[in-house]
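Add 22 to the 1-based position in the sequence shown for the working numbering, that's all there is to it.
Idealized CB from N, CA, C, for every residue including glycine.
Quick caveat, the model's predicted, so the values are computed rather than measured.
Here's the structure, in structure tokens; my notes come after.
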Amino acid sequence: MKRPTQAFLLLLSGSGLLHISLFTDLCLRYVKPGMRPLLIASGVLLLVLAVAETWSSIRTNARRGAVTTHGHADRTGDGEPNETDGLRHAHGQGHEHRHVHAHGHDHSGVPRVAWLLFLPALSLIVYAPPALGSYTASRDTAKVVTEQRHFEALPATSPLPMTLTQFTRRVQQDRTQAIKGRTVQMSGLVTLDEGGDGWYLTRIVISCCAADAQSVKVRVHGAPSLPADTWVSVTGTWHPGGTLGTQSAPAELDVRTVEEVDRPVNGYSDSLPLVPSR
23 MKRPTQAFLL LLSGSGLLHI SLFTDLCLRY VKPGMRPLLI ASGVLLLVLA VAETWSSIRT
83 NARRGAVTTH GHADRTGDGE PNETDGLRHA HGQGHEHRHV HAHGHDHSGV PRVAWLLFLP
143 ALSLIVYAPP ALGSYTASRD TAKVVTEQRH FEALPATSPL PMTLTQFTRR VQQDRTQAIK
203 GRTVQMSGLV TLDEGGDGWY LTRIVISCCA ADAQSVKVRV HGAPSLPADT WVSVTGTWHP
263 GGTLGTQSAP AELDVRTVEE VDRPVNGYSD SLPLVPSR
């Protein structure tokens, strides 16, 4: 791969990173907000390397042109090279020959496999892949809800805003059964049951990037399904089953209301319900 091509790939990659992290919020489809400054810094660094590679290539070509011009110009008056020039030229050729062939190959290029960067870098500018959604959630390993030993008394607010994780903990770990009969409000995206029987309110949670995504789900009863990946805010009460406050109790909800909401800027967290905006 030639040096101008290397510079082009660096420029394309850097521009793609800055496009999704500095000029748009597209990077939040793939990483947590805390990773955004690192992506911006990486994009700037790639652009600097592209400029440095371009400048180095221009200087190298200029030196080669100067050497060629000097070689043709430094001749005797009758157009023939003098003896000194011949010796210098022979020495130069011998030195260059030894330098290039001493190792058996030239180290100035990069492997052709670097071309594999072209399509991913271009896609960041032209067509960024969509955010993770119901397709991932329906096939992903469910996020393990950590154990909580002590629970504070629930506020009297009704409906009570909760995250899917908080609701699951109250249903399966709170032996005081404080969640029983309480109307709660949660939000997430719609994930259809693979068997075609009902749907789940879902949140996809990432620790670092989309590669480590896990999902938290609450099964919904009493409401028709909306299209998959629709973001909704729901209110309802716990759907009885098993023994409340133990692992036998299902994290399920008897829904009273369902309202569509806009997807949050960062949908990869299990946060409190969104205010309906449609």
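Roughly how many whole angstroms lie between the Cα atoms of residue 122 and residue 86? Counting from 1 along the sequence shown, the entry for residue 122 is found at position 100. Counting from 1 along the sequence shown, the entry for residue 86 is found at position 64. Reliability of the predicted coordinates at residue 122 is poor, the pLDDT of 42 falling under 50, and the value obtained from them is presented with this limitation in mind. Rounded to the nearest angstrom, the two C-alpha atoms are 16 Å apart.
For a test of the three-state rule: what should DSSP assign to residue 28, helix, strand or coil? Taking the first residue of the sequence shown as 1, we reach residue 28 at position 6. Here residue 28 sits in helix by DSSP.
Contact between the region 230–249 and the region 262–271: three or more CB pairs below 8 Å? no
So, for residue 190: in the same chain, excluding its five sequence neighbours on each side, which residues have a beta-carbon less than 8 Å away from its beta-carbon? Here residue 190 is taken as the residue at index 168 of the sequence shown, counted from 1. Answer for residue 190: 167, 238, 240 and 273, listed in chain order.
Measuring only the C-alpha atoms, how far is residue 203 from residue 289? Counted from its first residue, the sequence shown places residue 203 at position 181. Counted from its first residue, the sequence shown places residue 289 at position 267. Approximately 29 Å, taken between the alpha carbons.
Beta-ladder partner(s) of residue 252, from DSSP: In the sequence shown, the residue the question calls residue 252 occupies position 230. For residue 252, no pairing in a beta bridge is given by DSSP.
Residue 76 versus residue 26: straight-line alpha-carbon distance, rounded: On the sequence shown, position 54 is the one that residue 76 refers to. On the sequence shown, position 4 is the one that residue 26 refers to. Across the structure, residue 76 and residue 26 are spaced so that their CA atoms are roughly 7 Å apart.
Please report the Cβ distance between residue 292 and residue 186, rounded to the nearest whole angstrom; I am assuming they are in contact, meaning their Cβ atoms lie under 8 Å. Sequence index remark: in the sequence shown, residue 292 carries index 270 (1-based). Sequence index remark: in the sequence shown, residue 186 carries index 164 (1-based). Correct: roughly 5 Å between the Cβ atoms.
Assigned exposure category for residue 29 - 16 Cβ within 10 Å defines buried: On the sequence shown, residue 29 is found 7 positions in, with the first residue counted as 1. When all chains shown are included, residue 29 counts as buried.
According to the Cβ coordinates, are residue 197 and residue 267 closer than 8 Å? On the sequence shown, position 175 is the one that residue 197 refers to. On the sequence shown, position 245 is the one that residue 267 refers to. Annotated as proximal: residue 197 and residue 267, with beta-carbon spacing under 8 Å.
Residue 156 and residue 211: beta carbons closer than 8 Å? Residue numbering aside, residue 156 sits at position 134 when the sequence shown is read from its first letter. Residue numbering aside, residue 211 sits at position 189 when the sequence shown is read from its first letter. Cβ atoms of residue 156 and residue 211: closer than 8 Å.
Ignore the nearest five residues each way along the sequence and tell me which others in residue 33's own chain have a CB closer than 7 Å to its CB. Here residue 33 is taken as the residue at index 11 of the sequence shown, counted from 1. For residue 33, where only same-chain residues beyond five positions count, the Cβ hits under 7 Å are 69 and 72.
How many angstroms separate the CA atom of residue 243 from the CA atom of residue 258? As a position in the sequence shown, residue 243 is number 221, starting the count at 1. As a position in the sequence shown, residue 258 is number 236, starting the count at 1. Distance from the CA atom of residue 243 to the CA atom of residue 258, rounded to whole angstroms, is 9 Å.
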